[in-house]
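Respectively, the protein sequence lines represent chains V and Y.
Position in the first sequence counted from 1, then plus 101, gives you this note's numbering.
Position in the second sequence counted from 1, then plus 101, gives you this note's numbering.
By construction, the Cβ of each residue, glycine as well, lies at the ideal position given by its N, Cα and C atoms.
Following: one structure in structure tokens, then a few remarks.
Protein chains: 2
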Amino acid sequence: MSNRSDIREDGAVGTDAQQARLSIRRGEWTGPTAGLAPGFTQANLVILPADDAFDFMRFCQRNPKPCPLLEVTDPGSPEPAETAPGADLRTDVPRYRVYREGEFDGEPGDVVDEWRDDLVAFLIGCSFTFERALLANGLPVRHVEQRCNVPMYRTARECTPAGRFAGPLVVSMRPMTGEQAIRATQVTSRYPGVHGAPVHVGDPAALGIDDLAAPDYGDRVEIRDGEVPVFWACGVTPQAVAAASRPALMITHAPGHMFLTDLDDDRLAVL
Amino acid sequence: MSNRSDIREDGAVGTDAQQARLSIRRGEWTGPTAGLAPGFTQANLVILPADDAFDFMRFCQRNPKPCPLLEVTDPGSPEPAETAPGADLRTDVPRYRVYREGEFDGEPGDVVDEWRDDLVAFLIGCSFTFERALLANGLPVRHVEQRCNVPMYRTARECTPAGRFAGPLVVSMRPMTGEQAIRATQVTSRYPGVHGAPVHVGDPAALGIDDLAAPDYGDRVEIRDGEVPVFWACGVTPQAVAAASRPALMITHAPGHMFLTDLDDDRLAVL
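As structure tokens, this is what we get:
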């Protein structure tokens, strides 16, 4: 990852993301992170014991579209030294979720007391990065227009399993015209490290989705005349899969309450 | 990885790569693999005990340009089920290298007797994929013209370490004109999963390379008037780094004797 903001030529040195993390660490910011430190890459978080970590990392490697790895920490280290040096993953997310044996056990503001020497943190790319590129290209992002969550659906497509980790691909959906879908494919293809090109366009049934008006996660959005649904692999997939495998302990971010890295969204484009 | 040849529309079902692997398994083909089953993705091989595998996988994730992971097998399984289902990594490489505590211990034609229940195999992308794209774009690949090995150099750039694994970036070099270097950058940027864009163009000293005529691995090639050296991250990096860490056991392919997957080179392009 060469996109560390500490080497930005403009000398900005990642101030925005660092400031935002500090506010979060101090408890001054406890809300969702959409719109915070624009242009800095936000990430999904999954924390697992080392016993499960190698299996989970192979799961992510085998399913790179839903599970694009931005960083995997050393066992016991809460610092994502590559993507946000100096940050602390125990305190720098506004809201966490804790699961024990797969059962939800609260939404704390930090996980200092949960931390152990055998925990490994996975930072996984998030659709905020490519949505910024879609908007910059004049393409519609309906849930942003409607100020709600992106609609997400469990599909009939199984991810490639690894060890104890297996489960269906989850996709997010953005409606647009066929012409816009073509440009959106070009734009998001440039970001293979954060979900990349869509996985499907047009027919929800091809993915085993019965009713676009009833998403499994997030909110329903309007689909206008002449629009088709465009589906991208979604970062909810690894969380859903990890939870379903009922590990002894799993910690994630709470939905919408992401981790802010020092990476520069624009620098994640490969071309 | 959606590039499995078993879903090729032309119904070829990976015959060429499968046939080549069978010839290798039977001992009928024992030589280098360049030019074998053209269009099928060839891979570097590193096999390590499970104790080292999670560290090594994090090393690869942190250094994706030299170490692009195509597949990581389940511990104990010699089958790369994603990229070459039915293959056997103990027999399907023409020539192996075995290292014990970092010391070279022979070049067997198979490693059936070395196999253990705790071994993990890493298949890592290889420059053959993007060289095919360079040639298809009319760009020069000098070592192919000169029928020798690509020149490779240890640089002064350190990879990002992980666990016991640390060491310098190794690069390969192909001379071309400045105009050709621009097109080569476009072409190889489409293949982020197999080394991607060059890491440097023009000045060997910027990488800490003293003498282009004295490569650390491979052969010297001619640099013609008006040509500049173009450097790509090289798949020798993970092997060199793994060997330097002196693991109890490491098995690799012998240079030039790669593993043939069922992946389609063309389908590795992201755009």
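key: Residues bridged to V/E172 [DSSP beta-bridge criterion]   = Translated into the one-based positions of the first sequence, residue 172 of chain V becomes position 71. Bridge partners of V/E172: V/L224.
request  = Would you decide whether V/V213 is buried or exposed? Buried here means 16 or more other CB atoms lie within 10 Å of its CB.
outcome  = The residue you call residue 213 of chain V lines up with position 112 of the first sequence. V/V213 comes out exposed.
inquiry  = For Y/P276, report the span of its beta strand (DSSP E) as first-last.
reply    = Residue mapping note: residue 276 of chain Y aligns to position 175 of the second sequence, counting from 1. Looking at the DSSP string, the run of the beta strand (DSSP E) that includes Y/P276 is 269 to 278.
request  = To the nearest angstrom, report how far apart V/Q247 and V/P139 are at their CA atoms.
outcome  = Counted from its first residue, the first sequence places residue 247 of chain V at position 146. Counted from its first residue, the first sequence places residue 139 of chain V at position 38. Linking V/Q247 to V/P139 through their CA atoms gives a straight-line distance of about 19 Å.
ask   = Would you say V/M158 reaches chain Y, if we count a Cβ-Cβ gap shorter than 8 Å as a contact?
value = Taking the first residue of the first sequence as position 1, residue 158 of chain V is located at position 57. Among the CB atoms of chain Y, one or more fall inside 8 Å of the CB of V/M158.
message = So with CB distances below 8 Å, who are the chain Y contacts of V/S290?
response = The residue given as residue 290 of chain V occupies position 189 in the first sequence. Chain Y residues near V/S290: V371, L372.
message = Is the separation between the beta-carbon of Y/P276 and that of Y/I310 shorter than 8 Å?
response = Counting from one through the second sequence, the residue named residue 276 of chain Y turns up at place 175. Counting from one through the second sequence, the residue named residue 310 of chain Y turns up at place 209. Not in contact: Y/P276 and Y/I310 (Cβ atoms no closer than 8 Å).
message = If the criterion is Cβ atoms closer than 8 Å, does the pair Y/Y226 and Y/G294 meet it?
response = Along the second sequence, read from residue 1 onward, the residue named residue 226 of chain Y stands at position 125. Along the second sequence, read from residue 1 onward, the residue named residue 294 of chain Y stands at position 193. First, the amino acid is wrong: residue 226 of chain Y is Gly here, not Tyr. Judged by their CB atoms, Y/G226 and Y/G294 are nearer to each other than the 8 Å cut-off.
inquiry  = Using beta carbons (cut-off 8 Å, strictly below), is V/P293 in contact with chain Y?
reply    = Stepping through the first sequence from its first residue, residue 293 of chain V is reached at position 192. Flagged as an interface residue toward chain Y: V/P293, by a C-beta distance shorter than 8 Å.
query = Mind listing which residues of the stretch 257 to 290 of chain V have their C-beta closer than 8 Å to chain Y's C-betas, in chain order?
reply = So the close ones are T261, A263, G264, Q287, S290.
Within-8 Å CB hit, V/R217 to chain Y = Within the first sequence, numbered from 1, the residue matching residue 217 of chain V stands at position 116. At least 8 Å separates the CB of V/R217 from every CB of chain Y.
key: Proximity test, Cβ basis, 8 Å: Y/R368 and chain V   = Taking the first residue of the second sequence as position 1, residue 368 of chain Y is located at position 267. Closer than 8 Å: no.
inquiry  = In the DSSP assignment, the beta strand (DSSP E) including V/D156 goes from what residue to what residue?
reply    = Along the first sequence, read from residue 1 onward, the residue named residue 156 of chain V stands at position 55. No beta strand (DSSP E) holds V/D156; the alpha helix (DSSP H) holding it covers 151 to 163.
inquiry  = Counting only beta-carbon separations shorter than 8 Å, does Y/E246 have a partner in chain V?
reply    = To locate residue 246 of chain Y, count along the second sequence from 1; it is residue 145. Not flagged as an interface residue toward chain V: Y/E246, since no C-beta distance is shorter than 8 Å.
request  = Let me know if Y/C249 comes out buried or exposed under the rule of 16 or more other beta-carbons within 10 Å of its beta-carbon.
outcome  = Within the second sequence, numbered from 1, the residue matching residue 249 of chain Y stands at position 148. Per the 10 Å Cβ criterion, exposed.
ask   = In whole angstroms, what separates the C-alpha of V/D219 from that of V/G177?
value = Numbered from its first residue, the first sequence carries residue 219 of chain V at position 118. Numbered from its first residue, the first sequence carries residue 177 of chain V at position 76. When rounded, the separation of the alpha-carbon atoms in V/D219 and V/G177 is 5 Å.
query = When the Cβ atoms of the stretch 122 to 130 of chain Y are set against those of the stretch 337 to 352 of chain Y, are three or more pairs found closer than 8 Å?
reply = Flag = no, the stretch 122 to 130 of chain Y and the stretch 337 to 352 of chain Y do not touch.
task = Could you tell me whether the stretch 202 to 211 of chain V touches the stretch 157 to 173 of chain V, where touching means 3 or more Cβ pairs closer than 8 Å?
result = Taking a cut-off of 8 Å on C-beta distances, the stretch 202 to 211 of chain V does not touch the stretch 157 to 173 of chain V, as fewer than three cross pairs fall below it.
inquiry  = Quick check: the Cα distance between Y/S79 and V/T131, rounded to an integer number of angstroms?
reply    = In the structure displayed, chain Y extends from 102 to 372; residue 79 of chain Y sits before or after that span and is not available.
query = If you run the structure through DSSP and keep just helix, strand and coil, what is Y/T338?
reply = One-based indexing of the second sequence puts residue 338 of chain Y at position 237. Helix at Y/T338.
request  = Using a Cβ cut-off of 8 Å (strictly closer), state whether Y/G309 contacts chain V.
outcome  = On the second sequence, position 208 is the one that residue 309 of chain Y refers to. So no, Y/G309 is outside the interface.
ask   = Nearest CA to the CA of V/P195: which residue from V/L170, V/A144, V/V173?
value = Taking the first residue of the first sequence as position 1, residue 195 of chain V is located at position 94. Nearest option by C-alpha distance: V/A144.
ask   = CA-CA distance, V/C335 and V/V271?
value = Counting from 1 along the first sequence, the entry for residue 335 of chain V is found at position 234. Counting from 1 along the first sequence, the entry for residue 271 of chain V is found at position 170. V/C335 and V/V271: Cα-Cα distance of roughly 6 Å.
query = What do you reckon, are the CB atoms on Y/M274 and Y/P252 nearer than 8 Å?
reply = Within the second sequence, the letter at position 173 stands for residue 274 of chain Y. Within the second sequence, the letter at position 151 stands for residue 252 of chain Y. Taking the C-beta atoms as reference points, Y/P252 is found nearer than 8 Å to Y/M274.
task = Kindly indicate if chain Y contains any beta-carbon less than 8 Å away from that of V/D117.
result = Reading the first sequence from its first residue, position 16 is the one you call residue 117 of chain V. Cβ-Cβ to chain Y under 8 Å: no for V/D117.
query = Given V/T289, which residues of its chain have a CB within under 8 Å of its CB, disregarding the five upstream and five downstream residues?
reply = Counted from its first residue, the first sequence places residue 289 of chain V at position 188. Excluding positions up to five away in sequence, the list reads F231, A234, L235, H296, G297, A298, P299, W333.
ask   = If you draw a straight line from the alpha carbon of Y/G264 to that of V/R321, how long is it in whole angstroms?
value = Reading the second sequence from its first residue, position 163 is the one you call residue 264 of chain Y. Reading the first sequence from its first residue, position 220 is the one you call residue 321 of chain V. About 45 Å.
task = Out of V/V302, V/A285, V/G303, V/A151, point me to the one whose CA is closest to V/W216's CA.
result = Working through the first sequence from its first residue, we reach residue 216 of chain V at position 115. Among V/V302, V/A285, V/G303, V/A151, the Cα nearest to that of V/W216 is on V/A151.
query = For Y/N145, which beta-bridge partners are listed by DSSP?
reply = Numbered from its first residue, the second sequence carries residue 145 of chain Y at position 44. Y/N145 pairs with Y/I225.
Chain-ordered chain V contacts of Y/E183 [CB-CB under 8 Å] = As a first step, residue 183 of chain Y must be located in the second sequence, where it is residue number 82. Under the 8 Å cutoff, chain V gives R163, T261.
query = Out of Y/F266, Y/T142, Y/E259, Y/V199, which has the shortest C-alpha to C-alpha gap to Y/T184?
reply = Taking the second sequence and counting its residues from 1, one reaches residue 184 of chain Y at position 83. Among Y/F266, Y/T142, Y/E259, Y/V199, the Cα nearest to that of Y/T184 belongs to Y/T142.
query = Closest to Y/G239 by CA distance: which of Y/I148, Y/L224, Y/M351, Y/T278 is it?
reply = Within the second sequence, the letter at position 138 stands for residue 239 of chain Y. Nearest in C-alpha terms to Y/G239, of all of Y/I148, Y/L224, Y/M351, Y/T278, is Y/T278.
task = Note down the Cα distance separating Y/Q281 from Y/L308, rounded to an integer number of angstroms.
result = Along the second sequence, read from residue 1 onward, the residue named residue 281 of chain Y stands at position 180. Along the second sequence, read from residue 1 onward, the residue named residue 308 of chain Y stands at position 207. Cα atoms of Y/Q281 and Y/L308: separation of roughly 21 Å, rounded to the nearest angstrom.
request  = Check the Cβ of Y/A222 against every Cβ in chain V and list those closer than 8 Å, keeping chain order.
outcome  = Residue mapping note: residue 222 of chain Y aligns to position 121 of the second sequence, counting from 1. Here the premise fails: no neighbours, minimum Cβ distance about 12 Å.
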